[in-house]
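Asks:
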Amino acid sequence: MTNRVIIVEDDSDLAENYSELIEQLGYKVLGVFDNAPSVLYFLKATQPDLILLDIKIKGEFDGIDLARVIQRDYSIPVLFMTAYSDDSTLEHAFLTTPVNYLVKPISRETFKTALHLASSRISTHKGGTDNRRIKIREKGYVTYLFSDEIVALQAEGLYTMIVTRDRNTFTERKLLKDFHAELPQHQFIRVHKSHVVNIHHIKSFNSKHLLAGHLRIPLRRGLFSKLSRLMGTDERNL
Numbered sequence: 134m135t136n137r138v139i140i141v142e143d144d145s146d147l148a149e150n151y152s153e154l155i156e157q158l159g160y161k162v163l164g165v166f167d168n169a170p171s172v173l174y175f176l177k178a179t180q181p182d183l184i185l186l187d188i189k190i191k192g193e194f195d196g197i198d199l200a201r202v203i204q205r206d207y208s209i210p211v212l213f214m215t216a217y218s219d220d221s222t223l224e225h226a227f228l229t230t231p232v233n234y235l236v237k238p239i240s241r242e243t244f245k246t247a248l249h250l251a252s253s254r255i256s257t258h259k260g261g262t263d264n265r266r267i268k269i270r271e272k273g274y275v276t277y278l279f280s281d282e283i284v285a286l287q288a289e290g291l292y293t294m295i296v297t298r299d300r301n302t303f304t305e306r307k308l309l310k311d312f313h314a315e316l317p318q319h320q321f322i323r324v325h326k327s328h329v330v331n332i333h334h335i336k337s338f339n340s341k342h343l344l345a346g347h348l349r350i351p352l353r354r355g356l357f358s359k360l361s362r363l364m365g366t367d368e369r370n371l
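Structure, rendered in structure tokens:
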């Protein structure tokens, strides 16, 4: 699968050059941004595999500030690209655990090597448990959950109800498809037009329903075979 990246760079000419080079190297560029708020808005709906991030960007927050938020809320690998190489900047940048730190000007070969190393980390990350931290806003309060805690989601009109393994429920004003997009896609599957389920919590299922945690959830017609493959079950033995 092609790794998807976004670029955060306040120099439009450099951003265009980076984008062309990255595409030539076989990556897909999902977007180019020059400030922190636009990146965070984008990440609410779509999460790339890698973020190429300049330290000096437009607005109140710099790239290091943005990297801290990304590390805390999304755990998406960050590769810094900057003209700054002083000790103070390096020290603060490395506290965000980037996959690499490239000092401009960046040669094609340096860029290629850095992306290759980042891809290795992305592959390792995808192969392991993607226990993403999810922010939920409900009735003026903000709650953080790890994706492994979530058993299922249910559509409630313009809202989504989140059910956890501790049998707690939360409701957020967000469409089911948008909330689903924030979760690890290999872990959460839409089993019905109104339901998304964490496959790690599925206990049993047949052609009509499944049991996940304490919930009995309807199964969309025709999904039984796909779910059998995902669960590593030969449906002929069920």
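Per our numbering, residue 134 is the first one in the sequence shown, and the count goes up by one each step.
Where is the CB? At the ideal position from N, CA and C, for every residue including glycine.
Treat the numbers as computed from the prediction; the structure is a model and nothing was measured.
#1: If you drop the 5 nearest sequence neighbours on each side, which residues of the same chain put their C-beta closer than 6 Å to that of K336?
#2: For N331, is the classification buried or exposed, using 16 other Cβ atoms within 10 angstroms of its Cβ as the cut-off for buried?
#3: Helix, strand or coil for K237, going by three-state DSSP, please let me know.
#4: Where does Q318 sit, in a helix, a strand or coil, going by DSSP?
#5: For K237 versus L147, is the C-beta spacing smaller than 9 Å?
#6: What residue from F244, P317, D206 and V202 has the CA that sits closest to T215's CA?
#7: Please classify T246: does DSSP put it in a helix, a strand, or coil?
#8: Could you give the first and the last residue of the continuous alpha helix (DSSP H) run that contains Q204?
#9: Taking DSSP as the reference, what is the three-state secondary structure of P231?
#10: Cutting at 6 Å between CB atoms, please list the residues of its own chain near S340, excluding the five before and the five after it.
#11: Buried or exposed for D299, please, with buried defined as at least 16 other CB atoms from any protein chain shown within 10 angstroms of its CB.
#12: Quick check on R265: buried or exposed, where buried means 16 or more other Cβ atoms within 10 Å of its Cβ?
#13: Based on DSSP bridge pairs, tell me the residues matched to R323.
#14: Measuring CB to CB, does I188 end up less than 9 Å from L212?
#15: For A178, does the count of other Cβ atoms within 10 angstroms reach 16, so buried, or fall short, so exposed?
#16: So the beta strand (DSSP E) A285 belongs to, where does it begin and stop?
Replies: The relevant details are as follows:
#1: L344
#2: buried
#3: coil
#4: coil
#5: yes
#6: F244
#7: helix
#8: G196 to D206
#9: coil
#10: F357
#11: exposed
#12: buried
#13: V329
#14: no
#15: exposed
#16: I283 to E289
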